[in-house]
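Have a look at the structure below before the remarks.
Numbering (the numbering used here), first residue to last: 161 to 446.
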């Protein structure tokens with residue numbers, strides 16, 4: 161039998177866990193210090209009141225802002241189908257394509273698809289009556305979904321310790337805290353950082369790391385597609401009125417944003433759902 165090629169046989173060169181922890185603490189302390197100076201200087205990235213004025217405010221029967229409300233059904237479909245597929249795999253035997261995830265992986269998958277389903281409810285609630293108070297319930301489940309992306313795929317390229325339950329829940333708590341911080345201080349910066357981190361760090365991770373055994377073939381391309389879709393969704397959000405007028409009032413930019421983001425969550429869902437279940441073995445090698 162031919163020996164495996166070196167590119168396939170060589171495991172990723174992970175840093176020691178202690179070094180990773182020290183680096184994370186150092187970066188976290190540096191960011192916290194910079195933010196403390198920014199905040200004490202009186203700077204705030206406040207939510208622009210015009211954000212709540214969307215281009216398409218047409219109603220459909222009793223549903224106000226129908227385009228933006230109903231387009232959230234796409235998130236519900238992705239979230240419900242993802243949870244259903246996960247439970248279906250768990251009920252099957254291994255010979256019939258069944259899967260048995262390690263606890264941290266299972267909780268991340270379930271947390272992701274559940275939060276995507278909750279995005280549908282939170283975002284629909286917000287678009288029914290757009291204001292800062294309802295926007296909290298739109299952003300909260302989104303942050304949990306972003307936390308899963310950050311923990312389970314992006315940071316795990318640097319070290320498998322980031323795929324642990326502790327790391328996952330720490331990132332979820334940080335994301336939730338960023339929404340609470342915005343709500344009580346009106347400063348969007350921490351929330352924006354938590355949202356943008358996965359999509360900024362992933363292309364960087366491709367340059368600095370090799371694919372870990374915890375990720376399935378094709379993960380890199382799928383994640384790059386997610387990065388592009390995220391950028392297009394943000395662009396559609398900014399050009400809400402422009403797209404609404406360009407399509408002769410058929411669809412607004414914000415509705416397009418919802419649809420692009422739902423496709424993005426579906427692609428990422430396939431990444432975590434079909435990832436190899438090898439996290440414990442990776443840890444044993446460290």
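For glycine and all other residues, C-beta sits at the position ideal for the given N, C-alpha and C.
Is residue 386 near the ligand SAH, going by C-beta to nearest heavy atom under 6 angstroms? Although the ligand SAH was asked about, the structure shown includes no ligands whatsoever.
Beta-carbon proximity check, residue 292 vs residue 207, cutoff 7 angstroms: yes
Evaluate residue 431 with the Cβ neighbour count: other Cβ atoms within 10 Å of its Cβ, from every protein chain shown; 16 or more gives buried, anything less gives exposed. buried
Would a C-beta distance cut-off of 7 angstroms place residue 288 and residue 339 closer than the cut-off? no
For residue 348, three-class secondary structure by DSSP: coil
Count the other CB atoms within 10 Å of the CB of residue 372; is the residue buried (16 or more) or exposed (fewer)? buried
From 318, 180, 418 and 402, residue whose alpha carbon lies closest to that of residue 391: 418
May I have a chain-ordered list of the alpha helix (DSSP H) segments no shorter than 4 residues that lie completely inside the region 259 to 328? 263 to 288 and 292 to 309
Length-filtered (4 minimum) alpha helix (DSSP H) runs lying within the region 354 to 399: 379 to 398
Find out if the Cβ-Cβ distance for the pair residue 360, residue 386 is shorter than 7 angstroms. no
Cβ-based burial, residue 200 [other Cβ within 10 Å; buried from 16]: exposed
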